[in-house]
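Residue numbers (numbering that gives the first Met the number 0), protein chains in the order written: chain A, 0 to 505; chain B, 0 to 88; chain C, 0 to 116. Beta carbons are placed, not taken as given, at the ideal position from N, Cα and C, and that holds for glycine. Okay, so here's the structure we're looking at.
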Amino acid sequence: MDMKVAKKKLGLKDKYKLMTRDLGWEPSYHSKDELYPYMNYEGIKIHDWDKWEDPFRLTMDAYWKYQAEKERKFYAIIDAHAQNNGHLNLTDARYLSALKIFLQAISPGEYAAHRGFARVGREFPGVGPQVACQMQAIDEIRHAQTQIHAMSNYNRYYNGFHAFADQRDRIWYTSVARSFFDDSMSAGPFEFMIAIGFSFEYVLTNLLFVPFMSGAAYNGDMATVTFGFSAQSDEARHMTLGLEVIKFILEQDPDNLPIVQNWIDKWFWRGFRVLGLVSTMMDYMLPKRVMSWREAWDIYGVENGGALFKDLARYGIKPPKGWDDAEKAIDHMSHQFMLGLYQWSFGTSFHSWIPSDADMDWLAGKYPDTFDKHYRPRWKHIKKLAAAGTPFKNYGLARLCQTCQLPSVFTEPDDPTLTCHRETVYKGEKYQFCSDGCQHIFENEPEKYIQAWLPMPQLFQDPIKGDLGEWMKWVSLLDGKDNGDYAGSEDQKNFEAWRGLATTNQ
Amino acid sequence: MSTVFIALQANEETRPIIEAIEIDNPQAIVHRQPAMVKIDAQGRLVIRRATIEEQLGRDFDLQEIHINLISLTGHVVEDDETLTLSWND
Amino acid sequence: MTVAAIKEYLAVPRDRVENFHGKQLVYVSWDHHLLFASPFLLCLPPETPFRELVNGPLGMLLQPDPDAAAIDWQHVEWLKSGQPWTPDFDASLAANGIGHKDQLRFRTPGLNSLMAA
Chain A
0 MDMKVAKKKL GLKDKYKLMT RDLGWEPSYH SKDELYPYMN YEGIKIHDWD
50 KWEDPFRLTM DAYWKYQAEK ERKFYAIIDA HAQNNGHLNL TDARYLSALK
100 IFLQAISPGE YAAHRGFARV GREFPGVGPQ VACQMQAIDE IRHAQTQIHA
150 MSNYNRYYNG FHAFADQRDR IWYTSVARSF FDDSMSAGPF EFMIAIGFSF
200 EYVLTNLLFV PFMSGAAYNG DMATVTFGFS AQSDEARHMT LGLEVIKFIL
250 EQDPDNLPIV QNWIDKWFWR GFRVLGLVST MMDYMLPKRV MSWREAWDIY
300 GVENGGALFK DLARYGIKPP KGWDDAEKAI DHMSHQFMLG LYQWSFGTSF
350 HSWIPSDADM DWLAGKYPDT FDKHYRPRWK HIKKLAAAGT PFKNYGLARL
400 CQTCQLPSVF TEPDDPTLTC HRETVYKGEK YQFCSDGCQH IFENEPEKYI
450 QAWLPMPQLF QDPIKGDLGE WMKWVSLLDG KDNGDYAGSE DQKNFEAWRG
500 LATTNQ
Chain B
0 MSTVFIALQA NEETRPIIEA IEIDNPQAIV HRQPAMVKID AQGRLVIRRA
50 TIEEQLGRDF DLQEIHINLI SLTGHVVEDD ETLTLSWND
Chain C
0 MTVAAIKEYL AVPRDRVENF HGKQLVYVSW DHHLLFASPF LLCLPPETPF
50 RELVNGPLGM LLQPDPDAAA IDWQHVEWLK SGQPWTPDFD ASLAANGIGH
100 KDQLRFRTPG LNSLMAA
């Protein structure tokens, strides 16, 4: 009789060794420099790639198993959402503006991150980082797909979701996120890892996903909670990879420190600007709010970021150069953005609105030093204009920052009553910036940023030549449907009518 | 000493994991937020497979935690028995 | 500093004045008047008289501000590239030395209804 002998299960460390480093080989008919041609030009020195270790020791077999489980959970809820009138269970359809911004600007960023990690997974010579980057590349494309799929349920009922792919390339506010990822992908492999793996994933994504997804739960949006937490479960691994990358690079050679510090300075500020709109999503666009942007920053920026940079001080790393300016902007930025979005809402594929008196009281409570003093008077005046039948529309297009591409809505770090003006001249051309941080980034690599595709100046060039109607067609914006004030919009009317149908027998 | 944290989705699978973390880390503070549970600890947090198995009543592979993980901070060290988060300061 | 690259890295600026079909960009901003979320971007021929910029597109854009009607253009303080500057209202943008993508600012001391006291 055959006896079944239980095979001894491999320990995590042995399995990781077998499934990563032991899969590598030494090339014999090409040199390593030919195989990995982008390893030297950034100035980073690596002596021993085997020192790289994934702290989770995740191997491909386990990766597929757990990712499949995450997908099963995700689709169970997406099905339930579609079968149970999930589009009517929201607190209010105003909430959808936050989702529209997410779909137009952030989901394409997930896809860009997929391309970036697929590339660097090929370019690094070590097997550890190759495997980790390959997993992250697959994660990122999964995020793009699950987000688009989850939000397609809303596209069946509401405006503004239908042309996210065109808008990713053409509408003005999405160029902020697009240029951020294009900047990282056109950098070398090491800079890409510090940009996306460390600065974005480790220092900043908690601010995007954690409070925002909790907010989705508060606002009855199960579809977003599900893709959000499903994506975030991968982010924990990405963050750990980001931290591992920076330790690995710094431990390999002391000459790496100044290069890495420069990248941290640059990418913290780039990331802070690109995530700025999240402040408005949290403070203004969630009908039921979990916490303010300020409170989220205190937890995920000040406390976690502070702990991180205290820890990295042993390598000589300092907190990013823009850290203090970021802190000074926290109590202002969500209001500055929302005022901008409202007055330019003829050109956005989502709705904005004047906050109600109750919302303004909430904002005053969360921002006791800034809201009543600086922002309530402006909203009150805007409300008066709307009541008089002359709603405020600012047809003066905005000055965009040459680096971050955001409209220059920001004020001087120490004077919230004055717009921040910065300019520089390079090879006879003048360039405008929103902040010292963005000006420094430009001045470090001017040849890169003079190529920026800035949507506002672009509107006056070919093929649009300044015609706003043509521009709307070109960006697939349906005037009177996708854009403008939420009050009186089709989204508002439909949500109220359908919810009425769902709760009565009329 | 800086704070480390781990955040997990709030569901039936994570309930015993959270209970195990509370048993092994009496200093930890558990925050229950919409759809998620965030656990903060000063300096260090240890998650033990054996304690989770006791709470769960079945075998548990520590890597299963990835399915319901939302976020974490600190340096990660994982082997078959424990997953540890810590800051060096 | 230069861009780290594997070979020489030179680029062409995207927003050169030649791309604007005979026009140029000018940015204008009213200090301490933040009802307008950002400086205005105007696209005008360089032959435009300065007075026409002020009375035309700029004047129209400023209307929603409660202080707009009270601006005394004879006594406005101007800045160009952050430096005090006096425009000639009858001369063109070009003759006033206003180049492509220049930032003009103006100040109206004492006139700021929406600003915190």
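Following the DSSP letters along the chain, one finds residue 448 (chain A) in no beta strand (DSSP E) but inside the alpha helix (DSSP H) bounded by residues 445 to 448. In summary, residue 86 (chain C) is buried, with 16 or more beta-carbon neighbours lying within 10 Å of its beta-carbon over all protein chains present.
Counting only residues of its own chain and dropping the five nearest sequence neighbours on each side, residue 402 (chain A) has a CB closer than 7 Å to the CB of 432, 437, 440, 441, 448. Closer than 8 Å at the C-beta level to chain C, one finds these residues of the stretch 435 to 455 of chain A: 442, 443, 444, 446, 447, 449, 450, 451, 452, 453, 455. The Cβ neighbour count for residue 178 (chain A), taken over all protein chains shown within 10 Å, is at least 16; the residue is labelled buried. From the beta-carbon of residue 41 (chain B), no residue of chain A is found nearer than 7 Å; the closest lies around 11 Å away. Residue 328 (chain A) has its alpha-carbon roughly 41 Å from the corresponding atom of residue 61 (chain B). In the structure shown, residue 471 (chain A) falls within a helical segment according to DSSP collapsed to helix, strand and coil.
Residues of chain B with a Cβ closer than 7 Å to the Cβ of residue 239 (chain A) are, in chain order, 75.
Using a Cβ-Cβ cut-off of 8 Å, residue 362 (chain A) does not count as an interface residue toward chain C, since no Cβ of chain C sits closer than that to its own. Residues of chain A whose Cβ lies closer than 9 Å to the Cβ of residue 78 (chain B) are, in chain order, 10, 11, 12, 56. By the criterion of at least three beta-carbon pairs nearer than 8 Å, the stretch 49 to 57 of chain B is in contact with the stretch 4 to 24 of chain B. Counting the other CB atoms within 10 Å of its CB gives residue 98 (chain C) a total of 16 or more, which places it among the buried residues. Using a Cβ distance threshold of 8 Å, residue 206 (chain A) and residue 299 (chain A) count as a contacting pair. When only Cα atoms are considered, residue 72 (chain C) and residue 50 (chain C) end up about 10 Å apart. Around residue 88 (chain B), the beta-carbon contacts reaching into chain A at under 9 Å are 306, 309, 310, 312, 313. Nearest in C-alpha terms to residue 421 (chain A), of all of C:82, C:91, C:106, is C:82.
Among the CB atoms of chain A, none fall inside 8 Å of the CB of residue 15 (chain B).
The straight-line gap separating the alpha-carbon atoms of residue 36 (chain C) and residue 237 (chain A) is approximately 36 Å. Pairing residue 358 (chain A) with residue 283 (chain A), the inter-Cα distance amounts to about 8 Å.
Of all residues in the stretch 1 to 14 of chain B, the ones placed with a Cβ closer than 7 Å to any Cβ belonging to chain A are 1, 2, 6, 8, in chain order. Straight-line spacing of the CA atoms in residue 290 (chain A) and residue 281 (chain A) works out to 7 Å. Boundaries of the beta strand (DSSP E) harbouring residue 432 (chain A): 428 to 432, taken from the DSSP string. A buried status is given to residue 92 (chain A), since no fewer than 16 other beta-carbon atoms sit within 10 Å of its beta-carbon.
Taking the beta carbon of residue 155 (chain A) as reference, no residue of chain C falls within 9 Å; the closest one sits roughly 33 Å away. In summary, residue 134 (chain A) is buried, with 16 or more beta-carbon neighbours lying within 10 Å of its beta-carbon over all protein chains present. In terms of Cβ geometry, residue 8 (chain C) and residue 446 (chain A) form a close pair [threshold 8 Å]. Inter-residue distance for residue 474 (chain A) and residue 88 (chain A) is about 30 Å (C-alpha atoms, whole angstroms).
For residue 69 (chain A), the chain B residues whose C-beta falls within less than 7 Å of its own C-beta are 66, listed in chain order. Using a Cβ distance threshold of 8 Å, residue 149 (chain A) and residue 113 (chain A) do not count as a contacting pair. Close partners of residue 429 (chain A) in chain C (Cβ separation under 9 Å): 80, 98, 99, 100, 101, 102.
C-alpha of residue 112 (chain C) to C-alpha of residue 410 (chain A): approximately 18 Å in a straight line. In this structure, the alpha-carbon of residue 10 (chain B) lies about 8 Å from that of residue 34 (chain B). For a Cβ distance threshold of 8 Å, residue set 34, 63 of chain C lies close to residue 391 (chain A), ordered along the chain. For residue 173 (chain A), the enclosing alpha helix (DSSP H) begins and ends at 173 to 184. The residue from B:80, B:66, B:74, B:75 with its alpha-carbon nearest to that of residue 226 (chain A) is B:66.
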